[in-house]
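*Asks:* Residue numbers (the numbering used here): -6 to 217. Note that beta-carbon positions come from the ideal geometry of N, C-alpha and C, so glycine has one too. If you're wondering where the values come from, they're calculated on a predicted model, not measured in any experiment.
1) Determine the extent of the beta strand (DSSP E) in which residue 134 is found, giving its start and end residues.
2) I need the DSSP call for residue 115, collapsed to helix, strand or coil.
3) Contact criterion: CB-CB distance below 9 Å. Does residue 200 meet it with respect to chain C?
4) For residue 44, which residues of its own chain have a beta-carbon under 8 Å away from its beta-carbon, when the five flanking residues on both sides are left out?
5) Looking only at its own chain, which residues have a Cβ that is under 7 Å from the Cβ of residue 92, when we skip the five neighbours before and after it?
6) When the distance is taken between beta carbons, is residue 170 closer than 9 Å to residue 190?
7) Could you check whether residue 56 and residue 30 sit closer than 9 Å to each other, using their CB atoms as the reference points?
8) Considering only the alpha carbon of each residue, which of 37, 114, 131 and 173 lies closest to residue 159?
9) In three-state DSSP terms, what is residue 159?
10) If we count the other Cβ atoms within 10 Å of its Cβ and call it buried at 16 or more, is residue 205 buried or exposed?
11) Looking at the secondary structure, which residues open and close the alpha helix (DSSP H) in which residue 102 lies?
12) Could you give the first and the last residue of the continuous beta strand (DSSP E) run that contains residue 3?
13) Is residue 189 helix, strand or coil by DSSP?
14) Suppose you measure from the CA of residue 103 to the CA of residue 129; what does that come to, to the nearest Å?
15) Under a three-way DSSP split, which group does residue 68 fall into?
16) Out of curiosity, what's the CA-to-CA distance linking residue 35 and residue 65?
17) Can you list, in chain order, the residues of its chain whose CB lies under 6 Å from that of residue 112, leaving out five sequence neighbours each side?
18) Going by the beta-carbon positions, is the gap between residue 121 and residue 136 smaller than 9 Å?
19) If you reduce the DSSP assignment to three classes, tell me which class residue 81 lands in.
Quick look at the structure:
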């Protein structure tokens, strides 16, 4: 069970800045947050667009951006995206050599004025996260085994992971990324998640706004 308000965050996997502008404009009509997924071709096989140093995210009055960094060097990439206008940055725990290194990145992002969080692959033990939970504004749990592309299959092991993390840290915002759909969002809320990064279930819908509303309605109907 989660006491946090439910949030659904449409995601963009950009091949160019035009993707962000185009999808951002669509998503800004109904969503208060948009997630930019960044892959470096190393941590994940998919290499997305890399912004030039002077790039600024399209400023929509009603929208905030977060960046999900599926990259080997998240501290530097995160700093760049904060400069570009991101208000939240999430890096992968697996790429940091030590907890201190992860702490350093989280502190650096917060020092730039952004929220900061960590993401975990589905096979990464939750125990590794423990020394860092208090430094995280959010923990994002991947619900798919293959990263970097939209439409991957949902992995049902995620339910137990959410329940375990929520039981230990009931005040923590738990986000889910990967395979979120009408078939599973209610059960994920009931397990303790409150924030959902949603790709294909929204972007591949003939009516993305209706898909967003449908997911939100179902999530808010969960018994918590």
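*Replies:* So, from the data block:
1) Sequence index remark: in the chain shown, residue 134 carries index 141 (1-based). Unbroken beta strand (DSSP E) run through residue 134: 131 to 135.
2) Reading the chain shown from its first residue, position 122 is the one you call residue 115. Here residue 115 sits in coil by DSSP.
3) The displayed structure is made up of one protein chain only, and chain C is not part of it.
4) Locating residue 44 in the chain shown gives position 51, where the first residue counts as 1. So the list reads 10, 73, 74 and 77, once near-sequence residues are dropped.
5) The residue given as residue 92 occupies position 99 in the chain shown. Taken in chain order, the residues that qualify are 124 and 125.
6) For the purposes of this step, residue 190 is identified with residue 197 of the chain shown, where counting begins at 1. For the purposes of this step, residue 170 is identified with residue 177 of the chain shown, where counting begins at 1. Against a cut-off of 9 Å, the Cβ pair of residue 170 and residue 190 comes out as a contact.
7) Against the chain shown, residue 30 aligns to sequence position 37. Against the chain shown, residue 56 aligns to sequence position 63. Not a contact, by the Cβ cut-off of 9 Å.
8) Residue mapping note: residue 159 aligns to position 166 of the chain shown, counting from 1. Per the Cα distances, 131.
9) As a first step, residue 159 must be located in the chain shown, where it is residue number 166. Residue 159: helix per DSSP, three-state reduction.
10) For the purposes of this step, residue 205 is taken as residue 212 along the chain shown, with counting starting at 1. Answer is buried; the Cβ neighbour count reaches 16.
11) Reading the chain shown from its first residue, position 109 is the one you call residue 102. Run containing residue 102: 92 to 104, per the alpha helix (DSSP H) assignment.
12) Translated into the one-based positions of the chain shown, residue 3 becomes position 10. First-last of the beta strand (DSSP E) with residue 3: 0 to 5.
13) Within the chain shown, numbered from 1, the residue matching residue 189 stands at position 196. Three-state DSSP puts residue 189 in a strand.
14) Here residue 103 corresponds to residue number 110 of the chain shown, with the count starting at 1. Here residue 129 corresponds to residue number 136 of the chain shown, with the count starting at 1. Going by the C-alpha atoms only, they are around 10 Å apart.
15) Counted from its first residue, the chain shown places residue 68 at position 75. Reduced to three states, the DSSP call for residue 68 is helix.
16) Counting from one through the chain shown, the residue named residue 35 turns up at place 42. Counting from one through the chain shown, the residue named residue 65 turns up at place 72. Distance between the alpha carbons of residue 35 and residue 65 is about 7 Å.
17) Sequence index remark: in the chain shown, residue 112 carries index 119 (1-based). Only 83, 85 and 133 meet the Cβ criterion.
18) By one-based count along the chain shown, residue 121 stands at place 128. By one-based count along the chain shown, residue 136 stands at place 143. It is not a contact, given that the beta carbons lie outside the stated cut-off.
19) As a first step, residue 81 is located in the chain shown; it is residue number 88 there, counting from the start. Reduced to three states, the DSSP call for residue 81 is strand.
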